[in-house]
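This report refers to the structure that appears directly beneath it.
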Amino acid sequence: MLKTYSLTKNTLLVSSESNIKNSSVVYVYGDEREYIESFEHKSDFNIDNILTFDDRVAYDTMIDQNDEKSLLVSFLFPEIHEGGHLDNLTTSVVFLVFKNKLIIFTKQKLKFIPELLSNMVLHDVDNFMQEVLLKIMQKDFHVMLDDLRGVKEKIDDLDSEISTSGSLRPTFGDLLTLQKYMIALSTTYGANHKALDFIKKNFTTINDIDFTTQKIVDEIYNTSDTMDRIILGYSQYLDYLENMINNMISYQLNMIMKTLTEISIVLTIPAIIFGFWGIAVDGQFEKSSYGIFAVLIISVILSLICWFLLRRKTYL
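In our numbering, each residue carries its 1-based index in the sequence shown increased by 1.
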């Protein structure tokens, strides 16, 4: 699918898809093979290959026949799905920045991109490509920050679940899901920081960044630093929860084995008594009709005494 936008005065407006050539911004998503292949034929970049990146970004410069410089840069956007696999927790967003045109590629539609582009008001019309790209990255970083804050609620729920029900199987599933979130988000942040460094460096060589655009860059860096600090704290706390769960399991296993051992000790006493009175020689109570009850009473009394002594010695 294609969505095209034209710059009218200082505002981006949705334009006809048939007017791709004269559009200022083009958003390409889904299986738009004809357009992607036609562009790849004119360049040395394999857009399809870059779109499959899930743990790294791509960035490079291009020089056309008129010695005009253009940029290719991608960044990662986390798509957190419940129970998702590590190979589909992120999606790549590719930008091609030309002198007066910006083309955006994604494998699947990201709703926030067309919503952001529609009726976007620009401050630096002469360098609108830079401003549009940075505003998309700014929005992406805000979405990532919101996702990260949502992880805090999941961690709190997991903490409460451990406190109330112990280390049950669902707790392990929740912990594994959160750790996968951390891997996806951490990978995304590190890769996007490199892409942002490349953008900042090359935008200043193409044209001077105006004050408003520079503020966007600074704000993105500040958001990135904030997310780095938050994810470090969350990751450390998840490691603490994992260690706590392992300790709880070890403690529960030790308690089970301790209880079974103590039960075995107590039951050993009647086993010895029954064996002693069952040997093939004359013994006490052999001729008595109440002998079996006497043996049982003696066994119970001695077992209770053993149990009581173990309790007194804090073995139970």
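Where a beta carbon is used, it is the ideal one built from N, C-alpha and C, also for glycine. As the structure is a prediction and not an experimental result, all values here were calculated from the model.
Query                                                                                                                      : Result
Helix, strand or coil at L87 according to DSSP, with G and I counted as helix                                              : Bear in mind that the predicted position of L87 carries a pLDDT of just 47, short of 50, making it unreliable; the figure below should be weighed with that in mind. Residue state, collapsed to three classes: helix.
Residue span of the alpha helix (DSSP H) that contains L305, given as start and end                                        : G292 to R313
Any 3 or more C-beta pairs closer than 8 Å across the region 14-22 and the region 124-136                                  : no
The region 138-157 touching the region 106-124, judged by at least three CB pairs closer than 8 Å                          : yes
Test item: CB-CB of T62 and F78 under 8 Å                                                                                  : no
Cutoff 8 Å; reference I221; Cβ partners in own chain excluding five residues on either side                                : L135, M138, Q139, F142 and L197
Span separating the alpha-carbon of L87 from that of A59                                                                   : Note that L87 scores 47 on pLDDT, short of 50, meaning its location in the model is unreliable; the coordinates nonetheless yield the value given after this. If you take the alpha carbons of L87 and A59, they lie about 20 Å apart.
Within 8 Å, strictly: CB atoms of L118 and Y241                                                                            : no
Stretch-stretch touch, CB-based, cutoff 8 Å, three pairs: the region 145-159 with the region 175-189                       : yes
Counted within 10 angstroms of its Cβ, other Cβ atoms place G104 as buried (16 or more) or exposed                         : According to the sequence shown, residue 104 is Ile rather than Gly. By the 10 Å Cβ count, I104 comes out buried.
Extent of the continuous beta strand (DSSP E) run through F78                                                              : K70 to P79
Secondary structure of D61, DSSP reduced to three states                                                                   : strand
Short Cβ contact (8 Å threshold) for V122 with T12                                                                         : yes
Residues near L233 in its chain [Cβ-Cβ closer than 7 Å; skip 5 each side]                                                  : none
Sub-8 Å separation of V98 and S75 beta-carbons                                                                             : no
Contact check, I299 vs Y238, beta carbons under 8 Å                                                                        : no
Span separating the alpha-carbon of Y291 from that of L297                                                                 : 10 Å
Enclosing beta strand (DSSP E) for L3 [first to last residue]                                                              : L3 to T9
CB of Y190 within 8 Å of CB of M249, strictly                                                                              : no
Extent of the continuous beta strand (DSSP E) run through I51                                                              : No beta strand (DSSP E) holds I51; the alpha helix (DSSP H) holding it covers I48 to L52.
Length of the line joining the Cα atoms of D219 and N247                                                                   : 42 Å
Whole-Å CB distance - K22 paired with E69, under 8 Å assumed                                                               : The Cβ separation is near 17 Å, so there is no contact.
The beta strand (DSSP E) enclosing I21, as first and last residue numbers                                                  : Where I21 is concerned, there is no enclosing beta strand (DSSP E), given that its DSSP letter is neither H nor E.
Whole runs of the alpha helix (DSSP H) within the region 93-181, excluding any shorter than 4 residues                     : 113-118 and 129-166
Nonlocal neighbours in the same chain, by C-beta distance under 6 Å from M2, ignoring five residues either side            : Y30 and G31
Chain-order list of residues whose beta-carbon lies under 8 Å from that of T206 (same chain, five-residue window excluded) : Only weak support exists for where T206 lies, its pLDDT of 49 falling under 50; the coordinates are left without a value.
N223 burial status per 10 Å Cβ neighbour count (16 or more: buried)                                                        : exposed
Distance, L311 Cα to G279 Cα                                                                                               : 28 Å
For Y30, the residue or residues it bridges with in DSSP                                                                   : T107
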